[in-house]
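Participant: Supplied in structure tokens, the structure appears directly below.
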Amino acid sequence: MRCWRISARANWLRVTGANSTVVTELVALGLERREARWLVEEFLPGGDPEARQALAGAVHRRLEGEPLQYIIGHWPFRSLDLDVDSRVLIPRPETEELVGVALGELASSVTIAPLLFDLGCGSGAIGLALLDELRSRGVAATLVAVDESRGALDVARANARKHQLHSASFVESSWFSSIDGSLRGRVDLIAANPPYVGESEMADLDPVLGYEPQGALVAPDAEGEVGFEDLATIVREAILWLRPGGSLVMEHGDSQRSALLALAEHRGYVDVRDVDDLSGRPRVLVARRSA
Ligand SMILES: C[S@@+](CC[C@H](N)C(=O)[O-])C[C@H]1O[C@@H](n2cnc3c(N)ncnc32)[C@H](O)[C@@H]1O
């Protein structure tokens, strides 16, 4: 749960000569230049007076500390432009890497129309990006996106409509508890980015996390590990829902790797491994149900 890498938007910039003067004014007010440029691009495309008022409101919110992503109201995630607001976690770059790992797992499987679960879907980032990228490869996947937050599910549903991803369904459930039991043993890939920050860790993290839903971030400690409860629940139960040979791909925190590897092996998964993120931190557990 690191801060956002923001280079993804760099190629969106189209600041005109006139707007660059406004950017300079906003920098003088205390905004970082790249953020000032994004806000200008978003709120002042035509430069009319009404837009200037909207821009002023946006700048005020940013100077108060609100994350840029919520102010702009959408954010790129892999192939998608996702709507985001305070009901959902802002999708992170390391989660984009998880999607890459999940696509690799699917590529090595024989299924032609895979069934996917996205547990704790939030904005729908993981599951919808998988559907979209599989669609562009000619693979017709089906997605069950799960969250216990009704607000998050509303955002995810809207993102599915926005990107015409009609094979997604949305289930309000605490992890597997309300998912259709007939899907047990049939899922090709379970992707999850559950809460994994311990209550005790929150104070040391970026204060901007205070704007995000705490239910998306914080998990109870379990088994002597900080923030481990949701991760452990998913490892224990996912194997019952995977088809033989199906994969669990799950994001986790820096310190949780060895406990997760041990738990997955103890639970009977095979090919258990863990993948670092691009900054070299332990980040994604990958584990298969034996074929
Ligand atoms: C870290 S956020 C991940 C959001 C999104 N998948 C992403 O990667 O950007 C965790 C999500 O899990 C959801 N969540 C928390 N506890 C849950 C539970 N017991 N059952 C289902 N979803 C839960 C939260 O509402 C939140 O949307």
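Going left to right, the sequence shown walks through residues 1227 to 1517 as our numbering numbers them. From the three backbone atoms N, C-alpha and C, an ideal C-beta is built for every residue, glycine too.
Specify, as a first and last residue, the run of the beta strand (DSSP E) that Y1477 falls within.
Facilitator: What you label residue 1477 is simply residue 251 of the sequence shown in a count that begins at 1. Per the sequence presented here, residue 1477 reads as Glu, with Tyr not at that position. Counting along the chain, the beta strand (DSSP E) containing E1477 begins and ends at L1468 to E1477.
Participant: Can you give the Cα-Cα distance for P1446 and W1264, rounded to whole angstroms?
Facilitator: Taking the sequence shown and counting its residues from 1, one reaches residue 1446 at position 220. Taking the sequence shown and counting its residues from 1, one reaches residue 1264 at position 38. Approximately 37 Å, taken between the alpha carbons.
Participant: Just to confirm the assignment, what range does the alpha helix (DSSP H) spanning F1454 have?
Facilitator: If you number the sequence shown from 1, residue 1454 lands on position 228. Counting along the chain, F1454 falls outside any alpha helix (DSSP H), and DSSP gives it neither H nor E.
Participant: Which class does E1398 belong to by DSSP, given the choice of helix, strand or coil?
Facilitator: Reading the sequence shown from its first residue, position 172 is the one you call residue 1398. Three-state result, E1398: strand.
Participant: Taking 7 Å as the cut-off, is the beta-carbon of E1374 closer than that to any non-hydrogen atom of ligand 1?
Facilitator: One-based indexing of the sequence shown puts residue 1374 at position 148. Yes, the beta carbon of E1374 sits closer than 7 Å to at least one heavy atom of ligand 1.
Participant: With three or more C-beta pairs closer than 8 Å as the rule, is the stretch 1410-1429 touching the stretch 1374-1393?
Facilitator: No: the two stretches stay apart, fewer than three of their Cβ pairs being nearer than 8 Å.
Participant: Using the rule of at least 16 other Cβ atoms within 10 Å of the residue's Cβ for burial, across every protein chain shown, is C1229 buried or exposed?
Facilitator: Reading the sequence shown from its first residue, position 3 is the one you call residue 1229. A caution first: C1229 carries a pLDDT of 39, below 50, which makes its placement in the model unreliable, though a value can still be read off. Exposed, since its Cβ has fewer than 16 Cβ neighbours within 10 Å.
Participant: In angstroms, rounded to a whole number, what distance separates the CA positions of I1232 and L1324?
Facilitator: The residue given as residue 1232 occupies position 6 in the sequence shown. The residue given as residue 1324 occupies position 98 in the sequence shown. Residue placement at I1232 cannot be trusted, given a pLDDT of 37 that sits under 50; what the coordinates show is reported in the next sentence. About 17 Å.
Participant: My guess is that L1341 and D1414 are in contact by the Cβ rule of under 8 Å, so how many angstroms apart are they, rounded?
Facilitator: Your numbering for residue 1341 matches position 115 in the sequence shown. Your numbering for residue 1414 matches position 188 in the sequence shown. Between D1414 and L1341 the Cβ distance is about 5 Å, and since that is below 8 Å, they are a contact.
Participant: According to DSSP, A1490 sits in a beta bridge with which residue or residues?
Facilitator: For this step, residue 1490 is matched to residue 264 along the sequence shown. Partner(s): none; A1490 has no beta bridge.
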